[in-house]
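Peer 1: Read in order, the letters of the sequence shown are residues 80 to 241 in my numbering. Beta carbons: idealized from backbone N, C-alpha and C, even for Gly.
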Amino acid sequence: SVLYGSGTRGGVINIITKKQKSDAFAINLKSSAYDHGGLGGNLGINGAKQINENLAFSFDIQSFNLDGYQEGYNEKGYFINTKTYIDINDNSDLTLGYNYFKSKNTSSGYLTKAQAQSDPTQKGNSDNITQINRPEISLDYHYYFDDIWEFNLEAFWQNQKI
C-alpha cells in the first residue's frame, strides 16, 4: 500500500497477454437493438502472421456505430491495433506497437427535470459533438536472465486530441 499511496487498497494486477506468433484470422460482427428503438453494431477483423521463427505481426481493426438511450445520441468510430514481435535471441525480445483510435460522439444535451420525468428518451435542447483522435506508439523490450528474473523496458507515446 505504501508503494502506491497511503490511501490505496488491494494491489496491482499485472495481466500479460500471450503474444500471437502463429498465423490466424477472424472476423466478428455484433449487433444490438433496444426496446426504445436504439440500434448498434460492431464489425471487427483481426489476424496474425508469423513471418519466420523470430518475426511475427498481429493486427486488430474494429469499427462501431451505437445509438444511445436518448434521442440524438450516437457514438461511431474505429480503432486499429498493430504489433510486431521480434525475437532478438533466446534471452530477449522486442515488441513494437502502433494503435489508432477515432470516434465521434453526438448527444442532444441535458434534459430539465420535467422533461426527464415526462420522457427521458427525448432529445435535449442542444447538440454536443465530441471528436477524439488518438494515435499511440509503444516499444517494449524484454531481457530474460533466467526463469525468475527479467528486465523490462517500455517506451510509450500518445497524442490525444479531443
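Could you name the residues that DSSP lists as bridge partners for Lys-202?
Peer 2: As a first step, residue 202 must be located in the sequence shown, where it is residue number 123. Lys-202 is not bridged to any residue.
Peer 1: Between the Cα of Asp-225 and those of Asp-169, Ile-208 and Glu-132, spot the shortest distance and give me the residue it belongs to.
Peer 2: In the sequence shown, residue 225 corresponds to position 146, counting from 1. Residue Asp-169 is the option with its Cα nearest to Asp-225.
Peer 1: Go ahead and label Ser-137 buried or exposed: buried means 16 or more other beta carbons lie within 10 angstroms of its beta carbon, across all protein chains shown.
Peer 2: Within the sequence shown, numbered from 1, the residue matching residue 137 stands at position 58. Buried.
Peer 1: Measuring alpha carbon to alpha carbon, tell me which of Leu-122, Gly-188, Leu-118 and Phe-230 ends up nearest Tyr-157.
Peer 2: The residue you call residue 157 lines up with position 78 of the sequence shown. It is Leu-122.
Peer 1: Cα separation between Ser-111 and Lys-155?
Peer 2: Within the sequence shown, residue 111 is the residue found at index 32, counting from 1. Within the sequence shown, residue 155 is the residue found at index 76, counting from 1. Going from the Cα of Ser-111 to the Cα of Lys-155 covers about 14 Å.
Peer 1: Going straight from the alpha carbon of His-221 to that of Phe-180, what length do you get?
Peer 2: Counting from one through the sequence shown, the residue named residue 221 turns up at place 142. Counting from one through the sequence shown, the residue named residue 180 turns up at place 101. So the alpha carbons of these two residues sit roughly 27 Å apart.
Peer 1: For the beta strand (DSSP E) that contains Ser-137, what are its first and last residues?
Peer 2: As a first step, residue 137 is located in the sequence shown; it is residue number 58 there, counting from the start. 134-146 is the span of the beta strand (DSSP E), which, as asked, contains Ser-137.
Peer 1: Between Tyr-152, Asn-231 and Ala-103, which lies nearest to Asp-172 when the distance is taken from Cα to Cα?
Peer 2: By one-based count along the sequence shown, residue 172 stands at place 93. Among Tyr-152, Asn-231 and Ala-103, the Cα nearest to that of Asp-172 is on Asn-231.
Peer 1: Taking the beta carbon of Asp-206 as the centre, do at least 16 other beta carbons fall within 10 Å, making it buried, or is it exposed?
Peer 2: Position 127 of the sequence shown, counted from the start, is the residue given in the question as residue 206. Exposed, since its Cβ has fewer than 16 Cβ neighbours within 10 Å.
Peer 1: Whole angstroms are fine: how far does the CA of Ser-182 sit from the CA of Leu-145?
Peer 2: Locating residue 145 in the sequence shown gives position 66, counting from the first residue. Locating residue 182 in the sequence shown gives position 103, counting from the first residue. If you take the alpha carbons of Leu-145 and Ser-182, they lie about 11 Å apart.
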